[in-house]
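Read left to right, the sequence shown gives residues 6 to 569 (this note's numbering). Note that beta-carbon positions come from the ideal geometry of N, C-alpha and C, so glycine has one too. None of these values were measured; they are calculated from a predicted model. What follows is a short report on a single structure.
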Amino acid sequence: MSTTNDEKVSKIEIIKRQSRHLRGTIKEALQDGEPKFSEDNVQVLKFHGVYQQDDRDLRAQLKKEGKERHYSMMIRARIPGGVLSPEQYLVFDRLADEYTDYKNMRITTRQTLQLHGILKGDLKTTIKTLNEALVTTLGACGDSGRNTICCAEPGDEPFREEMRHDVLALADRLSAKTNAYHEIWVDGEPVQLAEGETEEPLYGEAYLPRKFKVAIVPEGDNCLDVYDNDIGLVAHIRDGHIEGYTVLVGGGMGRLALDQDTYPRLASPLCYVARDKAVGTILDVCVAIVTIERDFGDRSNRRFARMKYLIDKRGLAWFREEVESRLGRKLEPPRQLEWANGNDHLGWHRERDGVSYLGLFVPYGRIKDTETMRLKSALRDIMRTFRPTVRFTSQQNVILSGLADEQRPAIEELLRASGVPLPEELSKVRQNTMACVSLPTCGLALAESERALPELMPQFEQLFDELGLSDEDITIRMTGCSNGCARPYNANIAFIGRAPGKYDIFLGGSALGTALNERFRETVPFEQLVSAVRPVLESFVRDRESGEDFGTYWRRTGAGGYRS
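Written out as structure tokens, the structure reads:
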């Protein structure tokens, strides 16, 4: 590794190096009776899939009363490809009821589940219970390979099983190997290493400079924004099988609103890799890429620690040569890619003879019961009665697969009785929305998101209907800050929190996830967001070329005529 002990590194780098492969003093802190962890342990806990948070709705009142913040933990699972058995799903459902403040679950854009509002004293029980259900939280957060995601659509084509195989192989190869997880959460014995062995052969003691994301999709179906990842693998299908992958590198959404040197970036095509039966070739390439980020990524300033900045600083040609040097062979050039859709596989679809799957829209990823829609209860009843395989999507929805065709009427009846609409009963614009969690639990949020976007939706539905755009695929995404957790920067319309009640508006992007948008207006009050976008949509309807989508129109005409 190129990082040396006397190199200037960030505080978090020092914490990682001194953590003894992610042990810190977490085990001791679980017994100290305090409601929160120390700052050093907070950083180490992220690798274990845990974020320490406090309820910001209560923060001001508690401060006024002279009381400490109401601290709790968010647990995020690592679920490669987003697939759970019904039994595993029901474990999450039960834990949400027993241990969380909010009694619900949150689907993330990386096809996994988060549980918010778990008290420190219940943390070990919750993680241990998940481990017993063969679900881990190790690597769901932190500076290592995050949850590896994959197109969630089920089916009996051989390439889908091959993608699943590759997802699991990559998740295993890029996961942390430390024994700390089992020592802390499941009472495992301390690891005994033989002479010359290391606990983390890939990551070492400092792990990666920042988080690292990997995604797999079949060519043509960009349902998970493959260009937004550090590594994107696009499967080329021939005769129903994966012939090989085009490898994309250097994607990432994060930026800081006030730092022009930070920016979102779409991944660049690097090479084509043939797939062999053992998956050794594609694994080797991915590992080589990870080690380059490990050795050369910025460890002094976390703002620039993502691989996208390394590639832009050194150049793609340098990066390719470095991969070839580590592999000991030349890389084939990437193949030309074509995309047909970026939709999320909602509704009923044939999976195989006599079996179908149902893609259900989950409003802003939150699985909960309300007075009008008892989604959490409905999904629990479906799991118990019909036993579907669960597949979370990267657009925060859920697919129920393996359902016999004769079960369809009973499932639809159960959903309607619970107030859960089928996708065809929802407007297209509503189906194409995403929001990050934001307030009250995210410590970085500057404005509302998940709780605000539902208020805008009826206004947009009315506007789209008025302008004749109801059948258009126009994506709308909202985040509480500029970090980009709901992938706003390649949405057609994005509202990005800049201050309480105020948002920057970004327009353009691509419903296929293949283009970035650009800033249109700054610090627009929430009440004016729809009216600010209206004239642009009116111009789109009036001036678009035949068959032109909104993103293409915006990039062709430019923003000059609309800036205030």
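Residue i bridges to which residues according to DSSP?
i	result
Cys-276	Val-252
Ile-481	Thr-438, Ile-498
Phe-97	None, per the DSSP bridge assignment.
Asn-522	Gly-513
Lys-72	DSSP, once it has assigned bridges, lists no residue as partnering Lys-72.
Phe-217	Gly-150
Asp-226	Asn-346
Val-395	Leu-89, Leu-405
Arg-83	Thr-141
Pro-530	Lys-507
Val-239	Val-222, Thr-251
Met-78	Gln-57, Ile-123
Leu-261	Asp-264
His-246	Arg-243
Arg-22	According to DSSP, Arg-22 bridges with nothing at all.
Thr-390	Thr-390 is not bridged to any residue.
Thr-105	Ile-123
Arg-270	Gly-257
Arg-379	Asp-374
Around the Cβ of residue i, are there at least 16 other Cβ atoms within 10 angstroms (buried) or fewer (exposed)?
i	result
Val-191	exposed
Gly-622	The chain is shown from 6 up to 569; residue 622 falls before or after that span and cannot be answered.
Ser-515	buried
Gln-66	exposed
Arg-561	exposed
Lys-13	exposed
Asn-10	Legend: pLDDT at Asn-10 = 42, less than 50; position of this residue unreliable, no value from coordinates given.
Lys-218	buried
His-170	exposed
Thr-377	exposed
Gly-563	exposed
Asn-346	exposed
Ser-475	exposed
Ser-330	exposed
Lys-313	buried
Glu-18	buried
Thr-438	buried
Lys-16	exposed
Arg-243	exposed
Leu-89	buried
Arg-99	exposed
Leu-351	buried
Gln-48	buried
Lys-21	buried
Gln-23	exposed
Lys-318	exposed
By Cβ distance, which residues of its chain are closer than 6 angstroms to residue i, with the 5 residues on each side in sequence left out?
i	result
Glu-527	Asp-509
Glu-4	The structure shown does not extend to residue 4, since the chain is modelled only from 6 to 569, so the question has no answer here.
Ala-157	Gly-87, Arg-396, Thr-398, Ile-404
Asp-59	Arg-74, His-75, Tyr-76
Ile-154	Arg-115, Gln-116, Ala-220, Leu-229, Ser-399
Gly-565	Low per-residue confidence applies at Gly-565: pLDDT is 44, beneath 50, and the placement is therefore not dependable enough to give any value.
Leu-50	none
Pro-493	Arg-482, Thr-484, Ala-499, Ile-501
Asp-233	Gly-256, Met-258, Arg-492
Leu-63	His-75
Tell me which residues share the same chain as residue i and place their Cβ nearer than 7 angstroms to its Cβ, disregarding the 5 neighbours each side in the sequence.
i	result
Gly-556	Asn-497, Gly-513, Gly-514, Ser-515, Ala-516, Ala-520
Phe-465	Val-434, Ile-481, Val-535
Val-379	It is Arg, not Val, that sits at residue 379 in the sequence shown. Correct list, in chain order: Ser-423, Gly-424.
Val-529	Lys-507, Tyr-508, Ile-510, Ala-537
Leu-419	Ala-383, Asp-386, Ile-387
Glu-205	His-26, Ala-181, Lys-182, Thr-183
Tyr-107	His-121, Gly-122
Beta-carbon within less than 8 angstroms of residue i's beta-carbon, same chain only, minus the 5 sequence neighbours each way: which residues are those?
i	result
Ser-569	Confidence is the limiting factor: at Ser-569 the pLDDT is only 37, short of 50, which leaves the residue's position unreliable and the question unanswerable from this model.
Leu-1	Residue 1 is absent from the model: the chain starts at 6 and stops at 569.
Ser-7	Low confidence applies to Ser-7: its pLDDT is 42, below 50, so where it sits in the model is not reliable, and the reading given next is rough at best. Around Ser-7: Asp-300, Phe-301.
Minimum length 4: unbroken alpha helix (DSSP H) runs contained in the stretch 320-373: 321-332
Those runs of the alpha helix (DSSP H) which lie wholly inside the stretch 110-167 and span at least 4 residues: 128-137
Inter-stretch contact at 8 angstroms, needing at least 3 Cβ pairs: the stretch 248-264 / the stretch 367-386: no
Segments assigned alpha helix (DSSP H), at least 4 residues, entirely inside the stretch 31-72: 31-34, 44-50, 61-69
Complete runs of the alpha helix (DSSP H) confined to the stretch 403-460 [at least 4 residues]: 413-422, 433-436
Cβ contact check for the stretch 25-43 and the stretch 178-196: 3 or more pairs under 8 angstroms: Contact annotation: the stretch 25-43 touches the stretch 178-196, with at least three C-beta pairs closer than 8 angstroms.
Contact the stretch 132-145 vs the stretch 460-475: 3+ CB pairs below 8 angstroms: no
Cβ contact (3+ pairs, closer than 8 angstroms) linking the stretch 296-309 and the stretch 468-487: no
The stretch 256-275 contacting the stretch 193-202, beta-carbon criterion three pairs below 8 angstroms: No, because fewer than three Cβ pairs between the stretch 256-275 and the stretch 193-202 fall closer than 8 angstroms, the two stretches do not touch.
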